[in-house]
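Read through the structure below, which is laid out as structure tokens, and then see the notes.
2 protein chains.
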Amino acid sequence: MSSDIKGKIFKQVSPDLEQVEKALEENLDPNLGLVRTIASHLLFSGGKRLRPLLMIHSARICGYNTGLEILFSIIFEYLHAATLLHDDVVDKADMRRGKQAAHTRWAAPQVVLTGDFLLARALAIAAKIEEPRVISVIADITQAMSQGEIDQLEKKGQRDLSEAQYLGIIERKTAVLIQGACRSGGIISKTSRQKEDALAAYGYHLGMAFQMADDLLDYMGTALELGKNPGADMREGKLTLPLIHSLAHAGVKDRQWMYDMLEDSSFDQNRFEDLKAKLIALGGISYTQAMAKDHADKAKASLQIFEDSDSKALLHLIADYSIQRKV
Amino acid sequence: MSSDIKGKIFKQVSPDLEQVEKALEENLDPNLGLVRTIASHLLFSGGKRLRPLLMIHSARICGYNTGLEILFSIIFEYLHAATLLHDDVVDKADMRRGKQAAHTRWAAPQVVLTGDFLLARALAIAAKIEEPRVISVIADITQAMSQGEIDQLEKKGQRDLSEAQYLGIIERKTAVLIQGACRSGGIISKTSRQKEDALAAYGYHLGMAFQMADDLLDYMGTALELGKNPGADMREGKLTLPLIHSLAHAGVKDRQWMYDMLEDSSFDQNRFEDLKAKLIALGGISYTQAMAKDHADKAKASLQIFEDSDSKALLHLIADYSIQRKV
Chain B
12 MSSDIKGKIF KQVSPDLEQV EKALEENLDP NLGLVRTIAS HLLFSGGKRL RPLLMIHSAR
72 ICGYNTGLEI LFSIIFEYLH AATLLHDDVV DKADMRRGKQ AAHTRWAAPQ VVLTGDFLLA
132 RALAIAAKIE EPRVISVIAD ITQAMSQGEI DQLEKKGQRD LSEAQYLGII ERKTAVLIQG
192 ACRSGGIISK TSRQKEDALA AYGYHLGMAF QMADDLLDYM GTALELGKNP GADMREGKLT
252 LPLIHSLAHA GVKDRQWMYD MLEDSSFDQN RFEDLKAKLI ALGGISYTQA MAKDHADKAK
312 ASLQIFEDSD SKALLHLIAD YSIQRKV
Chain A
12 MSSDIKGKIF KQVSPDLEQV EKALEENLDP NLGLVRTIAS HLLFSGGKRL RPLLMIHSAR
72 ICGYNTGLEI LFSIIFEYLH AATLLHDDVV DKADMRRGKQ AAHTRWAAPQ VVLTGDFLLA
132 RALAIAAKIE EPRVISVIAD ITQAMSQGEI DQLEKKGQRD LSEAQYLGII ERKTAVLIQG
192 ACRSGGIISK TSRQKEDALA AYGYHLGMAF QMADDLLDYM GTALELGKNP GADMREGKLT
252 LPLIHSLAHA GVKDRQWMYD MLEDSSFDQN RFEDLKAKLI ALGGISYTQA MAKDHADKAK
312 ASLQIFEDSD SKALLHLIAD YSIQRKV
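Chains as they are written, first to last, in this note's numbering: chain B, 12 to 338; chain A, 12 to 338.
Here you go:
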């Protein structure tokens, strides 16, 4: 079923995707070769372009269709790439502390500065919209994400992270940006505040569902599907919902066994399979699946205010896809 | 004379300064203690608030005086602080390569993310202006500065850096931000394009003069005046105008002597005094002084289009101060 949904989505968005790719390429426009190299490495390595597509169809569901929605939508891919580059420095720091094995290609300063450049490109396009509220949205996103990331760094390895703290982290890490992309689609359409808020609610719940599905995949996905070994979050000391819920519902012995694994990031595949079995037995997996589905359902319900349209159907499909995807 | 100018400037701007400090404090508004600590460490450690003052008086020279110029002006102090924080990571990287001895207090990720937070606060205030052109100015500044910094990193240690390359570096490193602050003062005043361009020209030339004076001080200032040992640029492999001009006018033997010093960053105070004598003899110091004075004069000349006013007199004084300051 999952690949069915993916096929349907792709069929509907492929003309948009082609234009988005072109706009991403044409507007990058750096003076320096190295900036182009670092930015391109991230931007053109097979991203799903989820955020631009969401903005485009959030605008079109409101009847906006000037063609400019393509240009404006890449703001959110540049922003996304900028935050990934700045997170990369965070991950590099971890690697220096021996916790992370990610391959690093460039020195931290160049990566930070290329992130700044992408943020500047996003702003330059946002200025063309001549809607100060889009700038406020970008400011809110950047403020939430930067503080969220610092908060997550501070909480790394904290084994009593609560579900509420986890929700606060993923909201700022993922949901706020997707919410902002959807709200901005409403803003450029000059739709009613009610419809704009509905789009923001859709984006918020979609972002939460998406991140929970991501956190599930880190346990339940295969190395082949993920392109990296599962269990990366746990190795980095990041507690996510499957583990948080399981810890909260475990007996003393099971809890200690999981704490021991958190302490020792060198666990092997057999031990990781044992952990998965425990997360299933303790309900952490099914609980996270149910929570993700609940957010996906709420995302779809947020769109009830809109008449049926191709864009509405697409946004529904994306919500379904968010919790069924394998990558 | 220098301390005379400083006293006159301070007398005129002290009421503004008080309000700027208050606005910087009130608008910072982080949720996280660590963000406040890192941001405050930089923001409230005795900065001159040059950029806010320039925006305020660029607005007032155009007759703008709603009081909002204070709030809007802190955009440029937050931006300045954000770039300093991201530069700090650049310097940290250098230290890790054994070239830089600066004390570092926090881990790179937290510093990068606090920089992002300050940029977000600047944007949030800029959105309130409801002038898309201010956003374009901020985008242009960020784009120029990030690329300029990468360019400078790439050129570090390049001993045949030309005067033209040096001018390109300091334009992006310093002049673009000061130019943007002055232009934005014109934009919020809704003055004529001609006057706005005059303010931008003032800011550009002031920024160039300011950076040249800074680069001179790194040779001619005392440790007491600078709060750090002179010669830091040379130790980091950064060629600035006094040295570039001297190299271009040196004989084979003197040039080789200077190259040797560039290679060996462990030179002592005696050797550094010898270098200063050589830069004076070869004309590098007087040439840089003349170039800085030329930019300061051009800055003042750019303001001819404006009627006399307190703000005009202040902007003149700041141009004089830029090349006579000791810190």
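C-beta: ideal position from N, C-alpha, C; glycine also.
Assumed close pair residue i, residue j - CB separation to whole angstroms, cut-off 8 Å
i, j, result
"T299/A", "H256/A", "7 Å"
"I329/B", "I49/B", "Contact flag wrong, Cβ pair sits at about 29 Å."
"A131/A", "T153/B", "4 Å"
"I146/B", "A138/A", "4 Å"
"L254/B", "M269/B", "7 Å"
"S333/A", "L227/A", "Going by Cβ atoms, the distance from S333/A to L227/A rounds to 11 Å, so no, they are not a contact pair."
"K287/B", "Y230/B", "6 Å"
"V123/A", "V46/B", "That belief does not hold up - the Cβ atoms of V123/A and V46/B are roughly 17 Å apart, past 8 Å."
"I161/A", "L43/B", "6 Å"
"I199/B", "I140/B", "6 Å"
"F128/A", "S157/B", "4 Å"
Residue i in three-state terms, based on DSSP
i, result
"E142/A", "coil"
"R107/A", "Since pLDDT at R107/A reaches only 32, below the 50 mark, its modelled position is unreliable, and the value read off the structure follows with that caveat. Looking at R107/A - three-state DSSP - the assignment turns out to be helix."
"H306/A", "helix"
"E318/B", "coil"
"F283/B", "helix"
"F278/B", "coil"
"Q169/B", "coil"
"W117/B", "coil"
"G238/A", "coil"
"L134/B", "helix"
"T202/A", "coil"
"H52/B", "helix"
"N38/B", "helix"
"I72/B", "coil"
"T153/B", "helix"
"L252/A", "helix"
"R60/B", "coil"
"T77/B", "coil"
"K337/B", "coil"
"H260/B", "coil"
"T233/A", "coil"
"G294/B", "coil"
"L178/A", "helix"
"E247/A", "coil"
"L43/A", "coil"
Local Cβ density within 10 Å of residue i, reported as buried at 16 or more and exposed below that
i, result
"K249/B", "buried"
"E284/B", "exposed"
"F221/A", "buried"
"F55/B", "exposed"
"S322/A", "buried"
"S116/B", "With the sequence shown as reference, residue 116/B is identified as Arg, and Ser is not the correct amino acid for it. Exposed is the call here."
"P241/A", "buried"
"T125/B", "buried"
"G74/A", "exposed"
"E11/B", "With chain B running from 12 to 338 in the structure shown, residue 11/B is simply not present."
"L235/A", "exposed"
"V24/B", "buried"
"P41/B", "buried"
"R246/B", "buried"
"P120/A", "buried"
"G159/A", "buried"
- Any 3 or more C-beta pairs closer than 8 Å across the region 309-329 of chain B and the region 211-231 of chain B: yes
- Task: Mind checking the region 130-141 of chain B against chain A and listing, in chain order, the residues whose C-beta falls within less than 9 Å of any C-beta there?
- Result: Taking 9 Å as the cut-off between beta carbons, the residues of the region 130-141 of chain B near chain A are L130, A131, R132, A133, L134, A135, I136, A137, A138, K139, I140, E141, in sequence order.
- Against chain A: residues of the region 32-51 of chain B by CB proximity under 7 Å: P41, N42, L43, L45, V46
- With a cut-off of 8 Å, do at least 3 Cβ pairs link the region 136-155 of chain B to the region 124-138 of chain A? Counting Cβ pairs under 8 Å, three or more are found: they touch.
- Message: Count Cβ pairs between the region 68-84 of chain B and the region 21-37 of chain B that sit closer than 8 Å; are there 3 or more?
- Response: A contact is defined here as three or more CB-CB pairs under 8 Å, and the region 68-84 of chain B meets this definition with respect to the region 21-37 of chain B.
- For the region 156-187 of chain B, which residues have a CB atom closer than 8 Å to at least one CB atom of chain A, in sequence order? M156, S157, Q158, E160, I161, D162, L164, E165
- Decide yes or no for the touch test of the region 180-193 of chain A against the region 216-230 of chain A: beta carbon pairs closer than 8 Å, at least 3 of them. yes
- Task: Spell out a yes or no on whether the region 62-81 of chain A and the region 187-204 of chain A are touching, meaning 3 or more CB-CB pairs, one atom from each, closer than 8 Å.
- Result: yes
- Task: Output, in sequence order along the chain, the residues in the region 83-99 of chain A whose CB is closer than 7 Å to any CB in chain B.
- Result: H97
- Item | Near-chain A residues of the region 245-266 of chain B - C-beta to any C-beta below 8 Å | none
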